[in-house]
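Data first, discussion second: the structure below is written as structure tokens.
Residue numbers (the numbering used here): 68 to 529.
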């Protein structure tokens, strides 16, 4: 019995025999699944670029691109997407080959409707368990929930590459960058890739806690230390022993508290409020600020000795405007989260919406993108695409103004058609790759099937 509270699983059936596709489609739609059909591997890859699927059912024996080749393409571009293979030859060799290449299961022709439904139900249940386990493990390791690190841009690769190197040490780290760029995500990434990953990661927002409570929050207090202190309390540093403490908005600390943080960094010990007893703390400190601490030091608002203690390694979280390639990836990541939370069957973003998201300058960075996607999921009807009209009006106004400015350029008549620019760029990438279409496809972030098609088109134009 399918859970009616969840959106229907989206299944792609790939087979060059229309009668097989139709039989599977009828068998699965009868029990509530949403089924799309492709007659060959190229058509399947095209559909997977336009839509998101929960499962692929693919015949092994097909012309041009066979099922095993398609399986390789799927695993290269959609690593966690489960695939069930169909074989009419019932050979153990083809079944083993498909399983080795990452297939989840296989079924032999001829099969009955109940058989295909059973295999599909089992596969989706197992995939759901895998995703739930990954989610729960993520919850255990990080209070940040499912907001995992995603991105393929050069800026993201450089930042997380540096963060991975820093994670191997116990050095203090200063993370800077605009609001909403994911500074806490970076801090958690460092923690989870360090030898401290199995210990606590404790976040303290220095700007959010009243000044009169901050010392107790950081260092704890002894029973009776002040009015209302009716029991002994551990502070954040003590809770983080063996792990990592993340001091967000550290530029907001007053001078007295800056001095106390400096003492902890120098002596590696704390005192609870109202206690004379010192406690050793083995804690890695990661601090963050959206202000330039060098400017705060020059202005006399931040201690230079504390700045140097924190700034052993500085990592700058890049703004989303420098991560344009990541916008579709991040947007679809948030779409998946909110689609599941709201139990809505939303297919994907339309092409025009992705274009609009990429054209926007994102002053609020990743946080703003996350909020925009959440709003869009609320407004988008079930079984539909997120359209441009589902984006906030102020955002659409700014995008239109930017588009109008491009159109007003005096050199408009000298601009090349998009298709011609694409052709020139593909030719250049192929030239730099020595004609290697697989390598060029990876650089262009398209599949080899797409680049073969575009190359044929280039050749047809001479």
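The beta carbon of each residue, even a glycine, is placed where N, CA and C say it ideally should be. None of the values given here were measured: they were computed from a predicted structure.
- According to DSSP, residue pairing for residue 315 in a beta bridge involves 272.
- Residue 242 is positioned such that its CB atom lies closer than 9 Å to that of residue 382.
- Within the model, the alpha-carbon separation for residue 314 versus residue 351 is close to 11 Å.
- When C-alpha distances from residue 141 are compared across 122, 131, 466, 462, the shortest belongs to 122.
- Taking the C-beta atoms as reference points, residue 336 is found no nearer than 9 Å to residue 273.
- Counted as a single uninterrupted DSSP element, the alpha helix (DSSP H) harbouring residue 88 occupies residues 85-96.
- In its chain, beyond the 5 residues on either side, 271, 276, 302, 303 have a beta carbon closer than 8 Å to the beta carbon of residue 284.
- Under the Cβ criterion (8 Å, minimum of three pairs), the segment 402-422 does not count as touching the segment 254-266.
- If you draw a straight line from the Cα of residue 255 to the Cα of residue 371, it is about 26 Å long.
- Looking at the DSSP output, residue 462 sits in no beta bridge, so it has no partner there.
- As a beta-bridge residue in DSSP terms, residue 347 pairs with 336.
- Distance from the Cα of residue 233 is smallest, within the candidate group 258, 248, 504, 80, for 258.
- Here residue 287 carries a strand assignment [DSSP, helix/strand/coil].
- Secondary structure note for residue 307: it is in no beta strand (DSSP E), with a DSSP letter that is neither H nor E.
- In summary, residue 287 is buried, with 16 or more beta-carbon neighbours lying within 10 Å of its beta-carbon over all protein chains present.
- Counted as a single uninterrupted DSSP element, the stretch harbouring residue 379 is not any alpha helix (DSSP H), since DSSP gives it neither H nor E.
- The secondary-structure analysis by DSSP pairs residue 126 across a beta bridge with 153.
- Here residue 175 really is in contact with residue 154; their C-beta atoms are around 6 Å apart, less than 8 Å.
- Runs of the alpha helix (DSSP H) spanning 4 or more residues and lying entirely within the segment 372-455 occur at 393-408, 418-426, 432-446, in chain order.
- Secondary structure of residue 297 (DSSP, three-state): coil.
- Here residue 241 is bridged, per DSSP, to 354, 381.
- By the Cβ criterion, the segment 445-462 is not in contact with the segment 102-114, since fewer than three pairs of Cβ atoms, one from each stretch, lie closer than 8 Å.
- CA-CA distance, residue 90 to residue 505, rounds to 35 Å.
- Assigned with DSSP and collapsed to three states, residue 173 falls in strand.
- Within its own chain, the residues whose Cβ lies closer than 8 Å to the Cβ of residue 103, once the five positions on either side in sequence are excluded, are 77, 78, 79, 80, 114, 118, 120, listed in chain order.
- Within its own chain, the residues whose Cβ lies closer than 7 Å to the Cβ of residue 231, once the five positions on either side in sequence are excluded, are 260, listed in chain order.
- A straight line joining the alpha-carbon of residue 235 with that of residue 178 spans about 53 Å.
- The C-beta distance from residue 432 to residue 294 rounds to 42 Å, too long to meet the 8 Å contact threshold.
- Shown here for residue 184: same chain residues with a beta carbon closer than 7 Å to its own, the five before and five after excluded, namely 94, 95, 98 in chain order.
- The beta-bridge partner set that DSSP reports for residue 234 is empty.
- Distance check between residue 375 and each of 368, 384, 151, 364 places 364 closest, using alpha-carbon atoms only.
- For residue 259, the enclosing alpha helix (DSSP H) stretches over residues 250-259.
- Counting along the chain, no beta strand (DSSP E) covers residue 507; the unbroken alpha helix (DSSP H) around it starts and ends at 504-511.
- Proximity to residue 167 across 135, 282, 193 peaks at 135, based on C-alpha coordinates.
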